[in-house]
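**Student:**
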Amino acid sequence: MNTTVLQQASNLSEHKQAFVFVIILKSEGSTSRSQGAMVVDQEGIITGTIGGGETEAYAQHQALDLLSSQEQSRHLSFTVRQGEISDAGKVHLLLLTCNTESMQKAFIQFRSWEANQLQHVMGVQLQPSLALMGLCEGGATIGDVHPKFLEQAHQVLENGEPRFIETNNWICHMSLPVKAHNLLLIGGGHVNQAIAHLSHAVGLPVQILETRTEFATEVLFPFARKRIVAETVKQALAEATITTRTLCVIASHAFDEESAKLLLDRDIAYLGVLGSRHKAKKLASSLHSRPQAAQKLYCPIGLDLGSETPQEIAVSALAEIMKVMNHATGTSLRNMGRKVVLVRGGGDLATGVILRLHRSGYRAIVLETEQPSVIRTTVSLAQAMYGGTVEVEGITAQRCANVKEAFKLLEEDIVPVLADPTMECLDEVAPVCLVDAIMAKRNLGTHIDDAPLVIALGPGFEAGVDCDLVIETKRGHSLGRILREGSAIPNTGIPGLVNGFGKERVLHSPKDGIFKSEYTIGALVHAGEVIATVDGEPILAPIDGKLRGLLNSGLPVTKHFKVADIDPRGDEADHTTVSEKAYAIGGAVLEALDGFLNRA
C-alpha cells in the first residue's frame with residue numbers, strides 16, 4: 003500500500019521537517035481532478051496527487067519556492083491546456099507551509115484518526131485567518147475551530163460530501179480523508195480477502211463478518227476496521243456498523259439468502275452477492291414483494307470484465323461498488339466523448355428528446371436563444387434561460403455561460419442550457435450527434451457535416467442533404483418514423499384534433515407588440531375570457547379548457563405569432579409531464595443514435 007498524504011505529513015511532522023501541503027480548492031471546466039491533496043517535502047518528493055501532469059509539476063515548483071521563502075501560504079490558479087485548447091479548465095490551489103509545532107501536531111492527530119479509520123473532516127480555513135482545523139466523528143476537534151466550521155463540518159460528516167465554502171467573511175475547504183462509505187464483507191473466503199485488500203488501496207474502510215474464527219483473522223484481513231465473529235449472521239450483524247452509506251458483499255454460499263434478507267431490511271446503499279444467474283433468479287424471486295429492496299441487490303456481483311480468479315472478481319466487484327457509490331455510469335472513458343449530443347432547441351418536443359437521451363446515458367447540451375419563445379413552459383428545458391434552473395420529470399437543466407461550465411454541469415448529472423443559437427460552440431464541443439429540434443419548419447443553419455450524425459425533427463429538412471436523418475413529427479400513423487431519404491410531411495398549419503377541436507385551441511397574437519399575461523399554465527379558462535394582451539389588445543379564450551401552453555409574459559411578438567394553447571379536456575389534461583408525441587419523437591432519436599453507434 004502506498005503511503006497516504008496524511009501518513010507522509012505525519013512522518014515529516016514527527017521528524018520536525020518542513021513540507022508543503024497542497025490541496026485543490028475548486029476546479030472549473032475540464033481538469034484531471036476536482037479534488038485532491040499532496041505533500042511536497044524539502045527534496046521535492048511528492049506524496050499523493052492533484053492530477054499529475056503540468057498541474058502537479060507547477061504545484062511542485064511553487065511548493066519548493068514557497069519553502070525557500072518566508073511566506074506561509076499561496077493561493078494560486080493553474081490553467082489546464084488540452085491539445086489545441088489553451089484554456090480547457092482551471093484548478094484553484096492552496097499551498098500551505100507546514101513548519102510550526104501547532105501544524106505538525108495537527109497532522110499527527112489527523113493521521114491518527116485516519117489510521118483508526120475514524121470519519122473526520124479536515125478543514126483548511128482561508129478567511130478570516132489561515133488555520134488548520136478538524137472534527138472527528140466522536141466530537142473531538144483539532145485546532146482553534148471556528149463556530150462556522152463546526153456547523154458546516156457536522157453537515158459534511160452527515161452528508162458524506164466535501165465542501166468548499168466562500169462567503170464574504172468566511173472561506174474554508176473541508177475534505178473527508180476517510181471515505182464516508184464503508185464496506186461490509188460477509189464471508190472470509192478468497193474473493194472477500196481480495197476485495198478487502200483492494201478496498202484498503204482505494205481508502206474504503208472494511209468490516210469483515212464471519213461465523214468461523216479462522217476465516218476472520220488479522221492475517222487474512224490486516225486492514226479491517228472490524229473483524230466480527232458470532233454464532234449466527236444475525237448476531238454478527240448486530241455488532242456491525244451499518245448506515246445508509248454501507249456497501250455490502252456476500253461471498254459465501256452458507257450465508258447468501260439469509261444474509262441478503264437481513265441486510266435488505268436495513269437502509270443500505272448496495273448489496274452484491276457472489277453467485278450464478280440461477281442464484282440471482284432465486285434471490286430476486288424471494289424479494290418479489292419488496293421492489294425497492296430488490297433494486298439494491300446486485301447478483302451476480304460485478305461488471306462484465308471476464309473475471310475468473312478471486313483477484314479478478316475483486317476488481318470487477320469493486321468497480322461496480324465504486325460505480326454505485328459515486329453515482330457514475332461505469333461507461334468506458336474512451337467512449338464518454340461518443341455520448342455528447344448537441345440539441346438545438348429546448349422546447350417541449352426537444353425536451354422529450356433530451357429526457358430520453360439523458361436517461362439512456364447520453365450527455366445532452368442544449369443550445370437556445372436568449373429569450374426562447376416556448377409555449378409549453380412547464381415541460382420545456384428552455385425555461386432555464388429565464389429562471390437559471392428548471393426541472394422536468396425529475397431531470398434538472400441549468401443555464402450556463404460557456405462550454406466549460408456546460409461540461410462541469412454534465413459531470414453533476416445536470417443538463418446544461420447555453421445561449422448559442424448559431425452553434426458557435428460546435429467545434430469545441432465536438433458532439434457525436436447534432437439534433438436540430440428547433441421546430442422552425444425550416445432549416446436555420448444545420449448542415450449534414452456538423453457532426454458524425456445529424457438528425458433533424460419535422461419539416462424543413464431533406465435527409466441526405468441537410469442532415470443524415472429526419473424524424474417525422476406529424477401526429478398519425480407515421481409519427482416518430484426515421485426517414486433516411488426525403489422530408490417529413492409538410493406543415494399544414496392546422497393543429498391536430500383534441501376532443502374534436504383543432505385550430506380553435508391555439509391562440510395567436512392579434513398584432514405586433516409586447517405580450518403580457520397574468521395567467522399561469524394549468525389554469526382553467528372559459529370561452530370569451532381575456533387571458534392575455536398584446537400592447538393592450540385583448541386575447542380571448544375561444545373555448546373552455548385548461549391553459550396548457552402560454553408564452554412568457556413580457557416578450558415581443560409579431561402578428562399571428564403563437565402565444566398560447568388550450569386543452570379542451572380541462573382538468574384531465576396533464577400539463578406537468580412531457581407529451582406522448584414528444585416521447586415518441588425522443589424514442590426515434592434514441593433508436594437512430596444507438597443504431598449509429600452500434601454500427602460504428
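For any residue, its number in this note's numbering is found by taking its place in the sequence shown, counting from 1, and adding 2. Cβ coordinates follow ideal geometry from the N, Cα and C atoms, glycine included.
1) By the three-class DSSP mapping on this structure, what secondary structure does S382 have?
2) Quick check on DSSP: helix, strand or coil for Q237?
3) Quick check on the burial criterion: 16 or more other C-beta atoms within 10 angstroms. Buried or exposed for P149?
4) Please go through the same chain and pick out, in chain order, the residues whose beta-carbon is closer than 8 Å to the beta-carbon of S489, but skip the five residues on each side of it.
5) Does any heavy atom of the ligand PLP sit closer than 8 Å to the C-beta of V437?
6) Between the Cα of A575 and those of V565, L592, G547, spot the shortest distance and give me the residue it belongs to.
7) For a quick check, are the C-beta atoms of F166 and H175 less than 9 Å apart?
8) Who are C427's beta bridge partners in DSSP?
9) From the DSSP output, in three-state form, read off H479 for me.
10) What's the gap between the Cα of L14 and the Cα of S104?
11) Classify R550 as buried or exposed, calling it buried when 16 or more other Cβ atoms lie within 10 Å of its own Cβ.
12) Relative to the C-alpha of R214, which candidate in H202, R229, E322, S201 has its C-alpha closest?
13) Return the bridge partner residues of H605 from the DSSP annotation.
14) Bridge partners for C100 per DSSP, in chain order?
15) Give me whichever residues DSSP pairs with I188 in a beta bridge.
16) Grouping DSSP H, G and I as helix and E and B as strand, with all else coil, what is I473?
17) Take S382 as the anchor and find which of N404, D350, A366 has the nearest alpha-carbon.
18) Suppose only complete runs of 3+ residues qualify. What are the beta strand (DSSP E) ranges in the stretch 301-370, listed by chain order?
19) According to the neighbour-count rule (16 or more other Cβ atoms, all chains shown, within 10 Å of its Cβ), is S318 buried or exposed?
20) So S564 is in the beta strand (DSSP E); what residue range does that whole segment cover?
21) Could you check whether V7 and G50 sit closer than 9 Å to each other, using their CB atoms as the reference points?
22) What separation, rounded to the nearest whole angstrom, lies between the Cα atoms of L96 and E160?
23) Could you check whether the stretch 533-548 touches the stretch 508-520, counting it as contact only if at least three pairs of C-beta atoms, one from each stretch, sit closer than 8 Å?
24) For Y272, which residues does DSSP report across the bridge?
25) Is the beta carbon of L239 less than 9 Å from the beta carbon of L264?
26) Between M3 and L78, what straight-line distance do the alpha-carbon atoms span, to the nearest angstrom?
27) Can you find the residues in the same chain that come closer than 7 Å, C-beta to C-beta, to S254, ignoring five residues on each side of it along the sequence?
28) Taking the DSSP output, what are the residues bridged to T143?
29) Who are D514's beta bridge partners in DSSP?
30) Over the uninterrupted beta strand (DSSP E) stretch that includes L175, give me the two end residues.
31) Between the alpha carbons of A196 and R83, how many angstroms are there, rounded?
32) Between the Cα of D451 and the Cα atoms of P433, E220, P302, which residue gives the shortest distance?
33) Tell me the rounded alpha-carbon separation between P224 and E116.
34) Look at the alpha carbon of I484 and the alpha carbon of I496, and state the distance between them as a whole number of angstroms.
35) Report back the beta-carbon spacing between C100 and V22 to the nearest angstrom; my notes put them in contact at under 8 Å.
36) Which value, in whole angstroms, describes the spacing of the CA atoms of S261 and I252?
**Tutor:** According to the data block:
1) Taking the sequence shown and counting its residues from 1, one reaches residue 382 at position 380. Three-state result, S382: coil.
2) Walking along the sequence shown from the start, residue 237 turns up at place 235. The answer is helix: DSSP assigns Q237 an H, G or I state.
3) What you label residue 149 is simply residue 147 of the sequence shown in a count that begins at 1. Flag for P149 reads exposed.
4) In the sequence shown, the residue the question calls residue 489 occupies position 487. Excluding positions up to five away in sequence, the list reads P461, G462, F463, E464, A465, V472.
5) This structure simply doesn't include the ligand PLP, nor any ligand for that matter.
6) Counted from its first residue, the sequence shown places residue 575 at position 573. Comparing Cα positions, the closest option is G547.
7) In the sequence shown, the residue the question calls residue 166 occupies position 164. In the sequence shown, the residue the question calls residue 175 occupies position 173. Contact flag set, yes.
8) Within the sequence shown, residue 427 is the residue found at index 425, counting from 1. Its beta-bridge partners do not exist; DSSP assigns none.
9) Looking up residue 479 in the sequence shown gives position 477. H479: coil per DSSP, three-state reduction.
10) Start at 1 with the first residue of the sequence shown, and residue 14 comes out as number 12. Start at 1 with the first residue of the sequence shown, and residue 104 comes out as number 102. Taking the straight line joining both Cα atoms gives about 14 Å.
11) Position 548 of the sequence shown, counting from 1, holds the residue named residue 550. Under this definition R550 is a buried residue.
12) Walking along the sequence shown from the start, residue 214 turns up at place 212. Comparing Cα-Cα distances from R214 to each of H202, R229, E322, S201, the minimum goes to R229.
13) This structure gives no information on residue 605, because the portion of the chain shown stretches from 3 to 602.
14) Counting from 1 along the sequence shown, the entry for residue 100 is found at position 98. Note: C100 is bridge-paired with F21 in the DSSP secondary-structure output.
15) Walking along the sequence shown from the start, residue 188 turns up at place 186. In DSSP, I188 forms a bridge with L211, I252.
16) The residue given as residue 473 occupies position 471 in the sequence shown. Under the three-state reduction of DSSP output, I473 falls in the strand class.
17) Counted from its first residue, the sequence shown places residue 382 at position 380. Nearest C-alpha to S382: D350.
18) Entirely contained in the stretch 301-370, the beta strand (DSSP E) runs reaching 3 residues are, in chain order, 342-346, 365-370.
19) As a position in the sequence shown, residue 318 is number 316, starting the count at 1. Buried, since its Cβ has 16 or more Cβ neighbours within 10 Å.
20) Locating residue 564 in the sequence shown gives position 562, where the first residue counts as 1. Residue identity check: residue 564 is Lys in the sequence provided, not Ser. Unbroken beta strand (DSSP E) run through K564: 564-569.
21) Walking along the sequence shown from the start, residue 50 turns up at place 48. Walking along the sequence shown from the start, residue 7 turns up at place 5. Cβ distance < 9 Å, so G50 and V7 count as in contact.
22) In the sequence shown, counting from the first residue as 1, residue 96 sits at position 94. In the sequence shown, counting from the first residue as 1, residue 160 sits at position 158. Using only the alpha carbons, I get a separation of about 25 Å.
23) Yes, they touch.
24) Reading the sequence shown from its first residue, position 270 is the one you call residue 272. Paired residues: L249.
25) Walking along the sequence shown from the start, residue 239 turns up at place 237. Walking along the sequence shown from the start, residue 264 turns up at place 262. The answer is yes: Cβ separation under 9 Å.
26) In the sequence shown, counting from the first residue as 1, residue 3 sits at position 1. In the sequence shown, counting from the first residue as 1, residue 78 sits at position 76. With a pLDDT of only 45 at M3, under the threshold of 50, the placement of this residue in the model should not be trusted, and no figure is reported.
27) For the purposes of this step, residue 254 is taken as residue 252 along the sequence shown, with counting starting at 1. Answer for S254: I188, G189, G191, listed in chain order.
28) Counting from one through the sequence shown, the residue named residue 143 turns up at place 141. Looking at the DSSP assignment, T143 forms a beta bridge with L137.
29) Counting from one through the sequence shown, the residue named residue 514 turns up at place 512. In DSSP, D514 forms no bridge with anything.
30) Sequence index remark: in the sequence shown, residue 175 carries index 173 (1-based). In the sequence as displayed, the identity of residue 175 is His instead of Leu. Looking at the DSSP string, the run of the beta strand (DSSP E) that includes H175 is 173-177.
31) As a working note, residue 196 is residue 194 in the sequence shown. As a working note, residue 83 is residue 81 in the sequence shown. Cα-Cα distance, rounded: 38 Å.
32) Numbered from 1 along the sequence shown, position 449 holds the residue referred to as residue 451. Ranking the options by Cα distance to D451, first place goes to P433.
33) Sequence index remark: in the sequence shown, residue 224 carries index 222 (1-based). Sequence index remark: in the sequence shown, residue 116 carries index 114 (1-based). Rounded to whole angstroms, P224 to E116 spans 15 Å at the Cα level.
34) Numbered from 1 along the sequence shown, position 482 holds the residue referred to as residue 484. Numbered from 1 along the sequence shown, position 494 holds the residue referred to as residue 496. Cα to Cα, I484 sits roughly 23 Å from I496.
35) By one-based count along the sequence shown, residue 100 stands at place 98. By one-based count along the sequence shown, residue 22 stands at place 20. Going by Cβ atoms, the distance from C100 to V22 rounds to 7 Å, so yes, they are a contact pair.
36) Residue mapping note: residue 261 aligns to position 259 of the sequence shown, counting from 1. Residue mapping note: residue 252 aligns to position 250 of the sequence shown, counting from 1. Those two C-alpha atoms are separated by around 8 Å.
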